[in-house]
Amino acid sequence: MAGAQFTFASMIHRGFLADQNATTEVTVTVPGKAAITRQLPMMTPGDVIGIPSRQVIRCTPVNGLVDAEPNFLATIEFDAPDLPWMFSRKPASGPIQPWITLVVVDVTDLETDPLSASPVGTQLTIDAAQLPNPAEAWMWAHGQLLDADTVPGDPARSLSRLVSSRKQEQNRRYLACVVPVFAAGKAAGLGTDPGDARTSMGLRVGSRRRRRHPPGLLLLAIRHWAGWRLRVAGSEAPRRAAASGTRPEEAAARLPDERLARAGP
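Residue numbers (the working numbering): 172 to 436.
This is the structure we're talking about:
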């Protein structure tokens, strides 16, 4: 679009924003009557087990690419401009964290597939040292609006984007996964009941930058994934992408759930 201008927002949210207790204050006013104010419960990451695949607009690099450029960061774009913050809450201090983030893990030397089926979708088993610091997830998510839109009403004019912070190396194979930021989201995505932790704002463990937790295998819920191989140094091989944008058919059962659904009965 010639002459188009874009606005990039560090956070986009439409509707009510939950507080630290996963509630929001709602006031109803009727003429001639006293206003009624109530605290209403809000959904949290602990209530969500999947993202509809139709929400994914674009992944970079595309899934199955065997000659990806090593000097670009991996990204994923969603149709809803507020999706990364849809179940976020306002903290006591600091930035509002997205409820999901994009991680890229090096799978070159792994002997087994880190992806496997979970009771509600797909799960990732990987060394915690490969994961970014979840407390920095807010730095790697943004919304993109056309022109000067602030609260977009037309989905075609806006999107949201997650960016991976991982610097990639040549001649390596990588797997990008959208994973929960909060521990409650991790529990729900693995098919377990978060219980009282559903309203907790505790972050999931795992960080390659702040190794407060000892290295070891960590199990995470997956919302979406894609894999590729980086270009070999000096290679002029043509780019080849999987026409379907998916991994081999035997992994089809591992695709994320097709619904944004409430966990539990």
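Glycine included, C-beta positions come from ideal geometry on N, C-alpha and C.
In whole angstroms, what is the alpha-carbon distance linking residue i and residue j?
i    : j    : result
T283 : L273 : 22 Å
P212 : A193 : 6 Å
V201 : T195 : 20 Å
D238 : R343 : 10 Å
G316 : H184 : Correcting the residue type first, residue 316 is Leu in the shown sequence and not Gly. Between L316 and H184, the C-alpha separation is close to 13 Å.
F187 : V197 : 9 Å
P223 : E340 : 31 Å
L333 : P255 : 8 Å
A206 : A189 : 21 Å
N242 : C230 : 16 Å
F177 : G356 : 31 Å
T363 : K204 : 45 Å
P216 : R369 : 7 Å
P232 : V275 : 11 Å
S371 : A175 : 41 Å
P269 : L295 : 20 Å
A358 : S181 : 27 Å
L281 : R328 : 41 Å
S415 : G221 : With a pLDDT of 32 at S415, under the threshold of 50, the modelled position of that residue is not reliable, and no figure is offered here.
R337 : V291 : 28 Å
G398 : I271 : 18 Å
Per DSSP, which residues does residue i bridge with? Please list them.
i    : result
F353 : L374
S329 : L316
A397 : A347
F177 : L317
I153 : Nothing can be reported for residue 153, as the shown portion of the chain is limited to 172 through 436.
T198 : T208
I271 : P351
R260 : A189
Should residue i go down as buried or exposed, given a rule of 16 or more other Cβ atoms within 10 Å for buried?
i    : result
R225 : exposed
S264 : exposed
V227 : buried
F179 : exposed
V219 : buried
Q301 : buried
D367 : exposed
Q191 : exposed
S335 : buried
T279 : exposed
R394 : buried
P351 : buried
R209 : exposed
P303 : buried
P305 : buried
G360 : buried
Do residue i and the ligand FAD come close, with the Cβ less than 7 Å from some heavy atom?
i    : result
N192 : This structure lacks the ligand FAD, and indeed carries no ligand of any kind.
Quick check on DSSP: helix, strand or coil for residue i?
i    : result
S224 : helix
D277 : strand
A301 : Rather than Ala, the amino acid found at residue 301 in this sequence is Gln. Here Q301 sits in helix by DSSP.
R209 : strand
E307 : helix
A358 : helix
A412 : For A412, the predicted model reports a pLDDT of 29, less than 50, meaning its position is unreliable and no value from the coordinates is stated.
A193 : coil
R369 : helix
>> Within 8 Å, do at least three Cβ pairs link the region 344-351 to the region 237-254?
In response: yes
> Does the region 287-295 touch the region 303-316, meaning 3 or more C-beta pairs lie closer than 8 Å?
Replying inline: no
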